Amino acid sequence: MQKLENIIFKDLNEVLFNKYALLLYEDQMLHNQVYNQFVSTLCKGKPPPDHYSRIPFMPISFFKNFRISTQKKTEHELVFKSSGTTGMNQSRHFVPKASVYIESFSKTFYRFYGPVKQMRVFALLPAYLEREGSSLIYMADHLIKQSEHPESGFYLYNMDELAQALSKKSKQKTLLIGVSFALLDLAEQHPQRLQNTIIMETGGMKGRRKELVREELHSILCQSFGVENIHSEYGMTELLSQAYSSGKGRFYTPPWMKVLVRDMNDPLSLLGFGKSGGINIIDLANMYSCPFIATQDLGRFYADKSFEVLGRFDDSDIRGCNLMVV
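Residue 3 is where the sequence shown starts when you use the working numbering, and the numbers rise one by one after that.
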């Protein structure tokens, strides 16, 4: 798999993506005991997949109850944990090589937003800073360091200081990435017309506020800060790659990540463009855990390779997976 580390983070076409996905499927069946047992039970008697769309997708809830890895227990550099209320099982994502995650989020960010060195990065992520094992905090910390700007940094509840920093005119583009409830707090306490600023919400009210549909949240933030669009990040503990939206709720993935939509009544059946169903994700960066994930999110996939998140399954846990209830 080490060879794949050096080649997956490129402009993969359909042929190459399919080739690498099938290689990872074979590796999963050989070295991931949990995935092997899942597939063997679900697809007993069926031939192995000959295309990535026919690879079985493992329920994301398995990360809560099993150690999902192709590596030995001692072979990991990071362990990311999902958010959750007391008494809830947390997902745990064992990451053998931090370099794979860093390369994934760094190259994805560059594809959508350009060099982070040309930005000021403000991270308003109090709910994540208050717990350990957040993959989002790990990513934001690296983006802050990569920006090399003296004003870049994390903000917990120091809204006055953040508002003052945002009000400074700068030739450099500014990225304000924040959890939804904290961005709303900032909007109420310090409304101002921002210039040269990207506001990016990562979803989640964390029980601090009433849940809002994405359109309402974005409308409030646009009016309060005088920006045309609100950007969004779609990522989760169980994935090492992210998708981004520059507005209107349409997300795009990097070339090593694909979204498919499954039939709600048949987990092995995929739906066509524009139809609503469960979101399946192939993340080649997850080569050492599981690249084939059936999430608990509802969505639609479109012909332009964008996708839309519509909400969650009714029986899924409410946790910070970077989306709004619609």
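Backbone N, C-alpha and C define an ideal beta-carbon position, used for all residues, glycine too. Given the structure is predicted, the values throughout are model-derived calculations rather than measurements.
Nearest-angstrom Cα distance between Glu230 and Asn198?
On the sequence shown, position 228 is the one that residue 230 refers to. On the sequence shown, position 196 is the one that residue 198 refers to. Cα to Cα, Glu230 sits roughly 11 Å from Asn198.
Only counting runs of 4 or more residues, tell me where the alpha helix (DSSP H) segments fall wholly within the segment 17-56, in order along the chain.
Here the runs fully enclosed are 35-44.
Along the beta strand (DSSP E) that carries His233, what are the first and last residues, could you check?
The count along the sequence shown starts at 1 and reaches residue 233 at position 231. That run of the beta strand (DSSP E) goes 233-236.
With DSSP run on the structure shown, which of helix, strand or coil describes Thr88?
In the sequence shown, residue 88 corresponds to position 86, counting from 1. The pLDDT assigned to Thr88 is 47, lower than 50, so where the model puts this residue is not dependable, and the model offers no usable value.
Measure the C-alpha to C-alpha separation of Val81 and Val311 and round it to an integer number of angstroms.
Taking the sequence shown and counting its residues from 1, the one referred to as residue 81 is at position 79. Taking the sequence shown and counting its residues from 1, the one referred to as residue 311 is at position 309. Using only the alpha carbons, I get a separation of about 26 Å.
May I have the straight-line CA-CA distance separating Pro49 from Arg195, to the nearest angstrom?
Locating residue 49 in the sequence shown gives position 47, where the first residue counts as 1. Locating residue 195 in the sequence shown gives position 193, where the first residue counts as 1. Pro49 and Arg195: Cα-Cα distance of roughly 59 Å.
Please confirm if the segment 127-136 is in contact with the segment 146-161, defined as three or more CB-CB distances below 8 Å between the two stretches.
The segment 127-136, when compared against the segment 146-161, does touch it at the 8 Å Cβ threshold.
In the DSSP output, what is Glu203 paired with across the bridge?
For this step, residue 203 is matched to residue 201 along the sequence shown. Answer is Gly180, Ser234, bridged to Glu203.
The alpha helix (DSSP H) spanning Gln120 covers which residue range?
The residue given as residue 120 occupies position 118 in the sequence shown. From DSSP, Gln120 is part of no alpha helix (DSSP H); its letter is neither H nor E.
Can you tell me whether Ala125 is buried or exposed? The criterion is at least 16 other CB atoms within 10 Å of its CB, across all chains shown.
To locate residue 125, count along the sequence shown from 1; it is residue 123. By the 10 Å Cβ count, Ala125 comes out buried.
When the distance is taken between beta carbons, is Phe303 closer than 7 Å to Val263?
Stepping through the sequence shown from its first residue, residue 263 is reached at position 261. Stepping through the sequence shown from its first residue, residue 303 is reached at position 301. Cβ atoms of Val263 and Phe303: closer than 7 Å.
Rounded to whole angstroms, what's the CA-CA distance from Met202 to Glu7? Just pull it up for me.
Taking the sequence shown and counting its residues from 1, one reaches residue 202 at position 200. Taking the sequence shown and counting its residues from 1, one reaches residue 7 at position 5. Roughly 29 Å between the two C-alpha positions.
Are Glu240 and Ile9 closer than 7 Å when you measure CB to CB?
In the sequence shown, counting from the first residue as 1, residue 240 sits at position 238. In the sequence shown, counting from the first residue as 1, residue 9 sits at position 7. Contact flag unset, no.
Below 8 Å on the Cβ atoms is my contact criterion, and I expect Ile284 with Lys260 to pass it. Report the Cβ-Cβ distance as a whole number of Å.
For the purposes of this step, residue 284 is taken as the residue at position 282 of the sequence shown. For the purposes of this step, residue 260 is taken as the residue at position 258 of the sequence shown. Their Cβ separation, rounded to whole angstroms, is 5 Å, which keeps Ile284 and Lys260 in contact under 8 Å.
Using beta-carbon positions only, say whether His78 and Val97 come within less than 7 Å of one another.
Reading the sequence shown from its first residue, position 76 is the one you call residue 78. Reading the sequence shown from its first residue, position 95 is the one you call residue 97. It is a contact, given that the beta carbons lie within the stated cut-off.
Let's test the definition: count the other Cβ atoms within 10 Å of the Cβ of Ile232 and tell me whether it reaches 16, buried, or not, exposed.
Counting from one through the sequence shown, the residue named residue 232 turns up at place 230. By the neighbour-count rule (16 or more Cβ atoms within 10 Å), Ile232 is buried.
Check each candidate in Leu138, Phe111, His192 and name the one with the smallest Cα separation from Ser169.
Sequence index remark: in the sequence shown, residue 169 carries index 167 (1-based). Ser169 has its Cα closest to that of His192, out of Leu138, Phe111, His192.
For Ser84, which residues from the same chain have a beta carbon less than 6 Å from its beta carbon, with the 5 sequence-adjacent residues on both sides left out?
Position 82 of the sequence shown, counting from 1, holds the residue named residue 84. For Ser84, where only same-chain residues beyond five positions count, the Cβ hits under 6 Å are Gln92, Ser93, Thr239, Arg321.
Would you give the residue range spanned by the beta strand (DSSP E) that Arg314 belongs to?
Stepping through the sequence shown from its first residue, residue 314 is reached at position 312. 309-314 is the span of the beta strand (DSSP E), which, as asked, contains Arg314.
Based on the DSSP output, what are the partners of Asn282 in its beta bridges?
On the sequence shown, position 280 is the one that residue 282 refers to. Paired residue(s): Leu262, Ala296.
Taking the alpha-carbon positions, what's the Lys46 to Val36 distance?
Locating residue 46 in the sequence shown gives position 44, where the first residue counts as 1. Locating residue 36 in the sequence shown gives position 34, where the first residue counts as 1. So the two alpha carbons sit approximately 15 Å from each other.
Give me the DSSP bridge partner(s) of Ala287.
If you number the sequence shown from 1, residue 287 lands on position 285. In DSSP, Ala287 forms no bridge with anything.
According to DSSP, is Arg195 part of a helix, a strand, or is it coil?
Taking the first residue of the sequence shown as position 1, residue 195 is located at position 193. It is coil, neither helix nor strand.
May I ask which residues mark the beginning and end of the beta strand (DSSP E) holding Asp268?
Mapped onto the sequence shown, residue 268 falls at position 266. First-last of the beta strand (DSSP E) with Asp268: 268-272.
Leu196 CB to nearest chain C CB: under 7 Å?
Given the protein chain composition of this structure (a single chain), no chain C is represented.
Measuring alpha carbon to alpha carbon, tell me which residue in Tyr27, Leu18, Phe65 is nearest Ile57.
For the purposes of this step, residue 57 is identified with residue 55 of the sequence shown, where counting begins at 1. The candidate whose alpha carbon is nearest that of Ile57 is Tyr27.
Tell me whether Lys147 is buried or exposed, calling it buried when 16 or more other Cβ atoms sit within 10 Å of its Cβ.
In the sequence shown, counting from the first residue as 1, residue 147 sits at position 145. Classification of Lys147: exposed, given that the 10 Å Cβ count is below 16.
Work out the CA separation of Met31 and Gly116 for me, nearest whole Å.
If you number the sequence shown from 1, residue 116 lands on position 114. If you number the sequence shown from 1, residue 31 lands on position 29. Each residue's alpha carbon lies about 37 Å from the other.
Could you check where the beta strand (DSSP E) with Ser247 kicks off and where it finishes?
As a working note, residue 247 is residue 245 in the sequence shown. Residues 245-247.
Whose CA, out of Ser172, Phe309, Met289, Trp258, lies closest to the CA of Ala100?
Taking the sequence shown and counting its residues from 1, the one referred to as residue 100 is at position 98. Minimum Cα distance to Ala100 is reached at Met289.
For Leu145 and Phe111, which I take to be in contact (beta-carbon distance under 8 Å), what is that distance rounded to the nearest angstrom?
As a working mapping, residue 145 is identified with position 143 in the sequence shown. As a working mapping, residue 111 is identified with position 109 in the sequence shown. Going by Cβ atoms, the distance from Leu145 to Phe111 rounds to 7 Å, so yes, they are a contact pair.
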